[in-house]
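Under my numbering, the first residue of the sequence shown carries the number -17, and numbering increases by one thereafter.
Note that beta-carbon positions come from the ideal geometry of N, C-alpha and C, so glycine has one too.
Computed from a predicted structure; not experimentally measured.
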Amino acid sequence: MTDTVRSGAELETELARAREQQAAVAAVLRTMSAAPTDLDGILDAILRAATRLCDAEQGFCFVLDGEVYRLRSAVGTNSDYIQFTRDHPLPVGDRGKAVPRTALLGRPLHIPDVLKDPEYTFKEAQQRGQFRALLCVPLMKDGVAVAVVAMWRMEPRAFSDEEIGLVTTFADQALIAFENVRLAKETKDALEQQTAVADVLAVIGRATSDVQPVFQTILEHSGRLCDADRATIALLEGDVIVTKAGWNIPPAAMEEYAREPLKVDRTSGSGRAMLEGRTLLWDDMSLDEGISVRMQRTRGITGARSVMAVPLLRDGVAMGAINLRRSEVRPFTPQQVTLVETFAEQGALAIENVRLFNETKEALERQTAVAQVLNVISSRPFDLQAVLDAVIESAMRLCEADNGSIIRLDDLGIPHFLATAGPAEDVERIRTAYGDRQLTQDRSTATGRVLVERRSIQIEDMHADPGYGPKDRISTERAILGVPLKRADAIIGVILLRRKRASTFTPTQVALVETFADQAVVAMENARLFNETKEGLEQQTATSEVLKVISRSALDLQAVFDTVVQNSVRLCTADNASLYVRDGDMYRHIAIAAKSGDETEEAALREAFTTRIAIAPGRESAVGRVLLERRTIQIPDAPIDPEYTARRVGPEQYVSHALIGVPILRESEIIGVLLARRYAPGLFREREVALLETFADQAAIAIENVRLFNETKAALEERTESLAQQTAISDVLSTISRSAFDLETVMTTIVERAVKLVDGEGGVIARRDGDALLVLATTGSTGDTVPGTRVPIDGNTVMGRAARERRRQYIEDVTKHPELPQDGPPTRLIIPFVRDGQVTGTLGASRRARGPFNAREIQLLETFADQAAIAIENVRLYNETKEALGQQTAVSDVLQVISRSAFDLRSVLDAATGNAMRLSEAEVAWMDLVEGGRFRPVAIAGSAEDASALLQRQREVPDGFELAEGSIVGFALTRGAPFEVNDLEMEPAIAAKSGMARLTGSRSVLAVPMMRESRPLGALVVARKTVRAFTPRQVQLVRTFADQAAIAIENVRLFNETKASLERQTAQAAVLRAIAGSPTELKPVLDAIAENAARFTGADDVTVRLAQGDQLAVAAHYGPIPWSPVADTFPIEPTSVAATAFLEQRTVHVADLLGPRR
């Protein structure tokens, strides 16, 4: 009885203990469920439950960390012992310590008394903790103890098997908790990494021209996700490594990086990673003796121990590195390394993107600058200053210079500034520094080096260049670039760009400036040729003026003489000029002119020289020397000439220094002297000497033979006029030849040359455009008539009348014609262009006050009109040929699509619709097919917006639209011919029924039917959003594409019919073969019928039923639906499809068995 009671009490105790253990396990599970990632909370709950249920005083959890086990959680012990345990991690494989021994065993370790265990040697821990009994349970994963749960008792009392099993259960729960936390962390880390990678890619997409935001984003994510303390990105620039971005870097370190870039060697983490082209890791960089002292010092600032260096590679070549640092010895994980390598790839991509973007941008800027200079040269070919200003400003801006100048060296080596750019104070300082000093061809100046080396040169730092001389003159500039201006083999100038910082101009910048130099040389050459031409023209004009005066004033020699001296002063560097004519044995001073035009100066000179009328041959005066030597003479500086003894009479300011005297000869006899004077000393140029001698010759002609001069003048005028006409006509023909199809250029040339030769003040040229004349070009004064003006042919204008009457209209005085507009010039001449009896344009000239046009001028204008007519005809023929070729190409394209895709109807219809829209100059087009009294859009062309709208409407009504009578398509199909609406807004009734046209906002619409044997297949519609009628040619072209579409539709229909017929014949042949093969058996024949019926109709399942009495039974079956002879036999009653067909002896088709019955 006692044993029974005891057994009951023990059972109750065990039951209570079991319930308590289950409750503890459940509590731990609830903790794990409530906070699955709170590992410390779960471990704490497990250790508390385990120590309580196992009657242990202390509980611990150690976690494997590399080669040691570290304390992760503890209960029941004091902080001093916890700190001792944290400071003494337990090495893996150390059997003298319980935790590593448990890991080696891979099973629970139970030591009832550690003091009696011969292997336990960790006495210090036992003495500090005073524990005796010890139980350790490993947490095994893939054969490795990833953690160990330890329970201690302060007395030598063994743990029971039940307690060991309970702790093992708790260890399993802890292992689950570890795994949950690991998975959650890996998931979180992966998400954060993906988010970071996406963030970097987003920044790369936004920062196309600046890599700095990308670097900063990479560093922020790298540092945060890799748990780093510091992060930097450095790039290779030349032969040094420059830090470009930092994260959490103290200012002192960043200042040192900026002050002293790293060398590309193995003394730094970045340098070593870049040299090896791979990721490098340091568990503790302070142990690496290869790192430089400078890097050690910088690490002292940033506090780095564990370091990761990842190179930025492009095509295997390092262009920089990412550095991550930790201030403690804690190596980076492989996952972190992979993440940073991904960021490095993105960084390299960003650098390459920015490089390509900046290169493209810089190239565009260079091309734009070159184009701007060329534009200045083109628009102002003879304005040298504007070109040179554009050159130096563009060069300075694109080469990042602080100032620049273009200089020309004269024969003495003295620089002359042609153009300057930069701040005003810089320009003034540089001009002052150069002054008028002579530059020598040596290496003491940038210009001298250019002259010596005859190529572009640059000095990185003038202050540090021992061979550079004038450092004191331009003290603020450091770097300079000199590029020669070369014409043939001669250097005619130099472009100089300066920077106030020591630096090197890139090869691209040097090449750009050399291009600018070539442009400057072209501009200078243009200006030189222009000036020479201008001077030649001025000389010819002056010569012509003298001749004209001679012609007009044959008996008034004073007028001729006055013109001679005036032109001599104007075209030479003389300040005044005089003309002396022999009068018996004396020379009379008869004409004088001063450059200033000051009447006081001329009066003073005239008074001074009229007192000297008796001049004898001799060297004491300029005129005397001419008479003595009988040739042109020069006196460079009269006041210091020892032989010149003549003295001036008059104000001191009019005393001359340089003198030139030219004899006026008649058959080697001097009949006068032309004398020019200059207040400044020096010789007159050869060109001036030749010009004065020409004037002297003209004076001789005027004096000697007026009649011969008049004859010569008449012949010269005739030749000059004929040459001008021939030149103008040649210019027009040349323009037509060069720009045969550029009508605007040709017309502009014609009207400008024509109006100039007929001495008109304004001119207009126009071509016929329908019922109006469209003005193509104008010149001179034309009032409100400008290019683009439309002048109605039936209007009350001279141009309109010339076009209507197809003959020349000459209005000498418009005031005598009140029926014409009175505004504008009074004299008007209009010549029509007539081709095949039709006017194709007009050419007109007008005058205000120069008198009427003579017969020669009218004839000349008609010649230019003929040339204009030829040019218009050329352009018309070219455009017609081009248009025809484009149409033929488009038609050929559609035919090629038909031939390549004979039965791909969609491709053919798309091609026809798109080409019809393009060649008819429409903005949108679509094609409708007629199917069962409805029409359905099958092809669309136009803008994305229009196409989207039409496709949306097509999706809304998949079965198509009813063919509305009175719509655009309806009219076309009903009439069987093209139907056009010029303005849909003016036809509201048609617009209301034309939904597609309204949807696209169309105004002018053309619908062309697609017919087959008088049967409409559909319609091709083209539309414009502006009001503009389609031309007959365009209508015919759209009809061609509609016909091609109809042919394609018919081809596909015939193909489908042939295919269907062939399939039916194949099915019938299969059945006949079955009958022939089984003449006495019905089942094979019915099976063949079922199979071919399924194939031919595309059915999923087919049954053949035969009547058996009053029942229909399955005789043959084909398909996946299961059946049985008994279950699928039913009465012949009209309750099923098969029975109904049997009873009514007709085909029964049900489109949807689940749908409504009809």
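Among the candidates the options, whose CA atom is the shortest distance from the CA of residue i?
i, options, result
"residue 25", "152, 333, 914", "152"
"residue 197", "221, 227, 206, 205", "227"
"residue 92", "52, 287, 126, 144", "144"
"residue 998", "917, 1076, 662", "917"
"residue 245", "257, 54, 1080", "257"
"residue 547", "555, 554, 559", "559"
"residue 1027", "160, 993, 236", "993"
"residue 550", "628, 972, 643, 1116", "643"
"residue 1069", "1094, 1100, 1082, 1089", "1100"
"residue 1173", "1077, 1128, 1076, 1065", "Nothing can be reported for residue 1173, as the shown portion of the chain is limited to -17 through 1140."
Can you tell me whether residue i is buried or exposed? The criterion is at least 16 other CB atoms within 10 Å of its CB, across all chains shown.
i, result
"residue 755", "buried"
"residue 398", "exposed"
"residue 229", "buried"
"residue 220", "exposed"
"residue 1037", "exposed"
"residue 65", "exposed"
"residue 1035", "exposed"
"residue 1126", "exposed"
"residue 1104", "exposed"
"residue 995", "exposed"
"residue 557", "buried"
"residue 866", "With a pLDDT of only 48 at residue 866, under the threshold of 50, the placement of this residue in the model should not be trusted; the figure read from the coordinates follows. So residue 866 ends up on the exposed side."
"residue 876", "Here residue 876 scores only 46 on pLDDT, less than 50, and its place in the model is too uncertain to base an answer on."
"residue 445", "exposed"
"residue 680", "buried"
"residue 948", "exposed"
If you drop the 5 nearest sequence neighbours on each side, which residues of the same chain put their C-beta closer than 7 Å to that of residue i?
i, result
"residue 600", "606, 610"
"residue 404", "378, 384, 385, 386"
"residue 775", "753, 754, 755, 782, 785, 786"
"residue 834", "794, 809"
"residue 618", "640, 663, 664, 665"
Go through its chain and collect everything with a Cβ distance to residue i's Cβ below 6 Å, but skip five positions before and after it.
i, result
"residue 931", "981"
"residue 1010", "986"
"residue 73", "50"
"residue 292", "261, 304, 322, 323, 326"
"residue 108", "96"
"residue 896", "923"
"residue 920", "891, 909, 911"
"residue 333", "193"
"residue 436", "none"
Since residue i contacts residue j with CB under 8 Å, what's their CB separation in whole angstroms?
i, j, result
"residue 641", "residue 586", "That pair is no contact at about 18 Å."
"residue 1012", "residue 902", "6 Å"
"residue 114", "residue 96", "6 Å"
"residue 645", "residue 672", "Not really, about 14 Å apart at Cβ, beyond 8 Å."
"residue 28", "residue 156", "5 Å"
"residue 761", "residue 744", "7 Å"
"residue 90", "residue 118", "7 Å"
"residue 1023", "residue 1121", "No, residue 1023 and residue 1121 are not in contact; Cβ-Cβ is about 54 Å, not under 8 Å."
"residue 1144", "residue 465", "Residue 1144 lies beyond the stretch modelled for the chain, which goes from -17 to 1140, so this question has no answer here."
Among the residues of its own chain, which have a CB less than 8 Å from the CB of residue i, if the five just before and after it don't count?
i, result
"residue 778", "801, 802, 803"
"residue 80", "91, 93, 96, 102, 104, 116, 118, 132"
Is residue i near the ligand NAP, with its Cβ less than 6 Å from a heavy atom?
i, result
"residue 1127", "Of ligands this structure carries none, so the ligand NAP is not represented either."
Using 8 Å as the Cβ pair cut-off and three pairs as the minimum, do the stretch 299 to 306 and the stretch 211 to 229 touch? yes
When you compare the stretch 955 to 966 with the stretch 920 to 928, are there three or more beta-carbon pairs, one atom per stretch, that lie closer than 8 Å? no
Would the stretch 740 to 750 count as touching the stretch 836 to 850 if we require 3 or more Cβ pairs under 8 Å? yes
Are the stretch 817 to 829 and the stretch 782 to 802 touching by the rule of at least three beta carbon pairs closer than 8 Å? yes
For the stretch 407 to 416 and the stretch 376 to 390, state whether three or more C-beta atom pairs, one from each stretch, are separated by less than 8 Å. Between the stretch 407 to 416 and the stretch 376 to 390, the count of Cβ pairs shorter than 8 Å is three or higher; the stretches touch.
Assess contact between the stretch 941 to 955 and the stretch 989 to 1003, defined as three or more Cβ pairs (one per stretch) separated by less than 8 Å. Is contact present? yes
Below 8 Å, can you find three or more Cβ-Cβ pairs linking the stretch 130 to 137 to the stretch 74 to 84? yes
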